[in-house]
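Novice:
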Amino acid sequence: MQIPTVNDRKEHPLNIEKLLENPEKLLARRASRLPLTVAPPPADHPISFDSGHAFPGVLPDLTAEAEIALTAHRSETLQYAPRPGLPELREWIADYMRRDGVANASVEETFVSNGAKHALELVCRLLLEEGDAIVVTAPTYFTAIPIFKSFGVEFIEVSQDVEGLNVDELEQLLAERRRAGLRAPKFVYDVPDFHNPSGVTMSRERREALIALAEKCNMLILEDSPYRKVRFQGESLPALKALDRNDIVLTLGTFSKLLAPGLRVGWVSGPRDLLNRMIQLKSDGGSCPLTQRIILEFCNRGRLDTHIERVQQVYGSHRDRMVAAVRRELPEASFHIPQGGYYVWLTLPETIDGDVLAKSAAQKEVILIPGSKFFAATGGSSTGGKPPKNHVRLAFSHATPSEIDEGLQRLGQIYRTMR
Ligand code: PMP
Numbered sequence: 004m005q006i007p008t009v010n011d012r013k014e015h016p017l018n019i020e021k022l023l024e025n026p027e028k029l030l031a032r033r034a035s036r037l038p039l040t041v042a043p044p045p046a047d048h049p050i051s052f053d054s055g056h057a058f059p060g061v062l063p064d065l066t067a068e069a070e071i072a073l074t075a076h077r078s079e080t081l082q083y084a085p086r087p088g089l090p091e092l093r094e095w096i097a098d099y100m101r102r103d104g105v106a107n108a109s110v111e112e113t114f115v116s117n118g119a120k121h122a123l124e125l126v127c128r129l130l131l132e133e134g135d136a137i138v139v140t141a142p143t144y145f146t147a148i149p150i151f152k153s154f155g156v157e158f159i160e161v162s163q164d165v166e167g168l169n170v171d172e173l174e175q176l177l178a179e180r181r182r183a184g185l186r187a188p189k190f191v192y193d194v195p196d197f198h199n200p201s202g203v204t205m206s207r208e209r210r211e212a213l214i215a216l217a218e219k220c221n222m223l224i225l226e227d228s229p230y231r232k233v234r235f236q237g238e239s240l241p242a243l244k245a246l247d248r249n250d251i252v253l254t255l256g257t258f259s260k261l262l263a264p265g266l267r268v269g270w271v272s273g274p275r276d277l278l279n280r281m282i283q284l285k286s287d288g289g290s291c292p293l294t295q296r297i298i299l300e301f302c303n304r305g306r307l308d309t310h311i312e313r314v315q316q317v318y319g320s321h322r323d324r325m326v327a328a329v330r331r332e333l334p335e336a337s338f339h340i341p342q343g344g345y346y347v348w349l350t351l352p353e354t355i356d357g358d359v360l361a362k363s364a365a366q367k368e369v370i371l372i373p374g375s376k377f378f379a380a381t382g383g384s385s386t387g388g389k390p391p392k393n394h395v396r397l398a399f400s401h402a403t404p405s406e407i408d409e410g411l412q413r414l415g416q417i418y419r420t421m422r
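Just so you know, we're using this note's numbering here: the sequence shown kicks off at 4 and counts up by one.
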């Protein structure tokens, strides 16, 4: 008998192309809903306003910490780690949360993940069934959208203004749903500090109102706050978790924006009865102990505070450069000036299509994300059922100041041909 080779695959009755002719039969429902293509990596040396990459000049030198981790801590760093994370790192994070106003943060209520996105997925695995409803802002963090969608959720979209998520509107939407006999949402997902993409920070009044509403409606709050310390202007406001009296807030944190995204270490702070269950859904043999130890060494040597000051100073100057360049090159764009974070969210005249602008910009090697990618469903009640097209998000984190000027000049040229 002749054994089929890989080249015979097409003739063999069972091959992957055949199976994929009926994706809903082959794939889990969560995968069959996903688009068939993923964006290709950008061309060489484009001007990158798209991703939340760190500015290469602020990536810390971790050589000394790595050496200690691999010598003094070898038997820890080259073994499987405890699933909730290295105990010392959990202690450090709990202390960091207490210093940030979460008075009762404890080791038992802290667990380490492979970054905030991983933590977000674990929260979804813990809480969501197909058909559950969740609340998101319109626009919302675009990477969270496919994660939520893969769990088959219904989105309730709420608008934002300069004070953040519109809590009165949410209260009304929830009352309407109750009257219509529709499900109450499981949780509200929000980025209260320097929102991605809108750049808005939620006011203290709104934070308190959101917590009061969540308490009244039996919903949890999922606070995703990676940029919290990347504040270059104004006063820090209490984290939602710091205002939480009844343990209804789960907070996601990450070292991606504090230190370096490639480390892939983040955390969840929340009620221990939820975290203990979530840990059992974490199937990775423990987050990498080597990177956890490197981070601990960095923090224990007292380098983090100085590093954060530098991060704030660098991104503050990038923000200023971006704001000036947008005003110069796209004077018709309106936007909120963020006091921190990585992004500006532009609203262009209604005739301008952000998808077309982003496509044309890519041809000139300027990469940005069109606003349409940031709407989980229809964009909310005021959009007539279709997400608005006239937005783009510009990240000022990764590009150099002169790339910011050059990129905006190219964008301005394209924009003027579209008017
Ligand atoms: N949440 C938000 C709102 C973000 O902007 C980002 C980074 N782009 C993340 C989570 C991802 O963080 P991590 O690298 O820790 O997965």
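For every residue, glycine included, the Cβ atom is placed at its ideal position computed from N, Cα and C.
Does the distance from the CB of V347 to the CB of G202 come in under 8 Å?
Specialist: Your numbering for residue 347 matches position 344 in the sequence shown. Your numbering for residue 202 matches position 199 in the sequence shown. Cβ distance < 8 Å, so V347 and G202 count as in contact.
Novice: With C-beta atoms as the reference, is P142 less than 8 Å away from L37?
Specialist: Within the sequence shown, residue 142 is the residue found at index 139, counting from 1. Within the sequence shown, residue 37 is the residue found at index 34, counting from 1. Taking 8 Å as the Cβ cut-off, P142 and L37 do not qualify as a contacting pair.
Novice: Shortest alpha-carbon distance to L243 belongs to which of A361, N221, S272, L261?
Specialist: Reading the sequence shown from its first residue, position 240 is the one you call residue 243. Answer by Cα proximity: S272.
Novice: What would DSSP say about T66, mapped onto helix, strand or coil?
Specialist: The residue given as residue 66 occupies position 63 in the sequence shown. The answer is helix: DSSP assigns T66 an H, G or I state.
Novice: Can T254 be considered in contact with ligand 1, in the sense that its beta carbon sits closer than 7 Å to one or more heavy atoms?
Specialist: Residue 254 sits at position 251 when you count from the first residue of the sequence shown. Checking every heavy atom of ligand 1 against the Cβ of T254, none is found closer than 7 Å.
Novice: Applying the criterion that 16 or more other CB atoms from any shown protein chain within 10 Å of the CB defines a buried residue, is N433 buried or exposed?
Specialist: In the structure displayed, the chain extends from 4 to 422; residue 433 sits before or after that span and is not available.
Novice: Compare the beta carbon distance of Q433 and R234 with 8 Å and say whether it is the shorter of the two.
Specialist: This structure cannot settle anything about residue 433, because the visible part of the chain is limited to 4 through 422.
Novice: Between M100 and the rest of its own chain, which residues show a CB-CB distance below 6 Å, the 5 nearest in sequence each way excluded?
Specialist: Along the sequence shown, read from residue 1 onward, the residue named residue 100 stands at position 97. Taken in chain order, the residues that qualify are A108, S272.
Novice: Between which two residues does the alpha helix (DSSP H) carrying E226 extend?
Specialist: Mapped onto the sequence shown, residue 226 falls at position 223. Looking at the DSSP string, E226 is not in any alpha helix (DSSP H); the run it does join, the beta strand (DSSP E), is 223-227.
Novice: Using 8 Å as the threshold, is the C-beta distance between L131 and R280 below it?
Specialist: If you number the sequence shown from 1, residue 131 lands on position 128. If you number the sequence shown from 1, residue 280 lands on position 277. Their beta carbons are not under 8 Å apart, which means L131 does not touch R280 by this criterion.
Novice: On the criterion of 16 or more Cβ atoms from any shown chain inside 10 Å, does M421 qualify as buried, or is it exposed?
Specialist: Start at 1 with the first residue of the sequence shown, and residue 421 comes out as number 418. Exposed is the call here.
Novice: Taking 7 Å as the cut-off, is the C-beta of D193 nearer than that to any heavy atom in ligand 1?
Specialist: Your numbering for residue 193 matches position 190 in the sequence shown. Every heavy atom of ligand 1 is 7 Å or more from the Cβ of D193, so no.
Novice: Please state whether DSSP places P59 in a helix, a strand or coil.
Specialist: Here residue 59 refers to the residue found at position 56 of the sequence shown. P59: helix per DSSP, three-state reduction.
Novice: Taking C-alpha atoms, which residue in A106, D53, F151, C302 lies nearest to G134?
Specialist: For the purposes of this step, residue 134 is identified with residue 131 of the sequence shown, where counting begins at 1. Looking at the Cα atoms, F151 is the closest of the given residues.
Novice: Does DSSP classify Y418 as helix, strand or coil?
Specialist: Numbered from 1 along the sequence shown, position 415 holds the residue referred to as residue 418. DSSP places Y418 in helix when its eight states are reduced to three.
Novice: Tell me which same chain residues have a C-beta within less than 8 Å of the C-beta of L89, skipping the five on either side of it?
Specialist: Here residue 89 refers to the residue found at position 86 when the sequence shown is read from its first residue. Cβ within range, chain order: E79, V115, P292, Q295, R296, L299.
Novice: Just to confirm my understanding: we take F154, look at its own chain, exclude 5 residues before and 5 after, and list those with CB closer than 6 Å. What are they?
Specialist: Translated into the one-based positions of the sequence shown, residue 154 becomes position 151. Closer than 6 Å at Cβ, skipping near neighbours: C127, L131.
Novice: Assign R207 to one of two classes, buried (16 or more other C-beta atoms within 10 Å of its C-beta) or exposed (fewer than that).
Specialist: What you label residue 207 is simply residue 204 of the sequence shown in a count that begins at 1. The residue is exposed, with fewer than 16 neighbouring Cβ atoms inside 10 Å.
Novice: In the DSSP assignment, find the beta strand (DSSP E) that holds A136 and state where it starts and stops.
Specialist: Locating residue 136 in the sequence shown gives position 133, where the first residue counts as 1. Note, A136: beta strand (DSSP E), 136-140.
Novice: Which word fits N117, buried or exposed, when buried means at least 16 other C-beta atoms lie within 10 angstroms of its C-beta?
Specialist: Here residue 117 corresponds to residue number 114 of the sequence shown, with the count starting at 1. So N117 counts as buried.
Novice: Could you give the DSSP three-state label for A398: helix, strand or coil?
Specialist: By 1-based counting over the sequence shown, the position of residue 398 is 395. Note: A398 maps to strand in three-state DSSP.
Novice: Compute every distance between the C-beta of T257 and the non-hydrogen atoms of ligand 1, then say whether any falls below 7 Å.
Specialist: In the sequence shown, residue 257 corresponds to position 254, counting from 1. At least one heavy atom of ligand 1 is nearer than 7 Å to the Cβ of T257, so yes.
Novice: Just to check my reading of the structure: L371 and A361 have Cβ atoms closer than 8 Å, yes? What is that Cβ distance to the nearest angstrom?
Specialist: Taking the sequence shown and counting its residues from 1, the one referred to as residue 371 is at position 368. Taking the sequence shown and counting its residues from 1, the one referred to as residue 361 is at position 358. Yes, L371 and A361 are in contact; Cβ-Cβ is about 5 Å, under 8 Å.
Novice: How is the beta strand (DSSP E) around D193 delimited, first residue to last?
Specialist: Numbered from its first residue, the sequence shown carries residue 193 at position 190. Per DSSP, D193 belongs to the beta strand (DSSP E) from 190-193.
Novice: Under the rule that 16 or more other beta-carbon atoms within 10 Å means buried, what is G184, buried or exposed?
Specialist: Translated into the one-based positions of the sequence shown, residue 184 becomes position 181. Counting Cβ neighbours within 10 Å, G184 comes out exposed, since fewer than 16 surround it.
Novice: Would you check if there are 3 or more beta carbon pairs closer than 8 Å linking the segment 321-339 to the segment 398-415?
Specialist: Segments in contact, yes.
Novice: At a threshold of 7 Å, does A119 count as lining ligand 1 (C-beta to nearest heavy atom)?
Specialist: Numbered from its first residue, the sequence shown carries residue 119 at position 116. Yes, since a heavy atom of ligand 1 falls inside the 7 Å radius drawn around the Cβ of A119.
Novice: By DSSP, does I407 sit in helix, in strand, or in coil?
Specialist: For the purposes of this step, residue 407 is identified with residue 404 of the sequence shown, where counting begins at 1. Correct three-state label for I407: helix.
Novice: So does D227 have its beta carbon nearer than 7 Å to some heavy atom of ligand 1?
Specialist: For the purposes of this step, residue 227 is identified with residue 224 of the sequence shown, where counting begins at 1. Yes, the beta carbon of D227 sits closer than 7 Å to at least one heavy atom of ligand 1.
Novice: Using a threshold of 8 Å, state whether the C-beta atoms of L284 and G269 are closer than that.
Specialist: Position 281 of the sequence shown, counting from 1, holds the residue named residue 284. Position 266 of the sequence shown, counting from 1, holds the residue named residue 269. No, these two residues do not count as a Cβ contact at 8 Å.
Novice: Distance, Cα to Cα, N249 vs I340?
Specialist: Against the sequence shown, residue 249 aligns to sequence position 246. Against the sequence shown, residue 340 aligns to sequence position 337. So the alpha carbons of these two residues sit roughly 34 Å apart.
Novice: Determine, using beta carbons only, whether G374 and R396 come nearer to each other than 8 Å.
Specialist: As a working note, residue 374 is residue 371 in the sequence shown. As a working note, residue 396 is residue 393 in the sequence shown. Contact: yes.
Novice: I need the DSSP call for S35, collapsed to helix, strand or coil.
Specialist: Here residue 35 is taken as the residue at index 32 of the sequence shown, counted from 1. Of the three classes helix, strand and coil, the one that applies to S35 here is helix, per DSSP.
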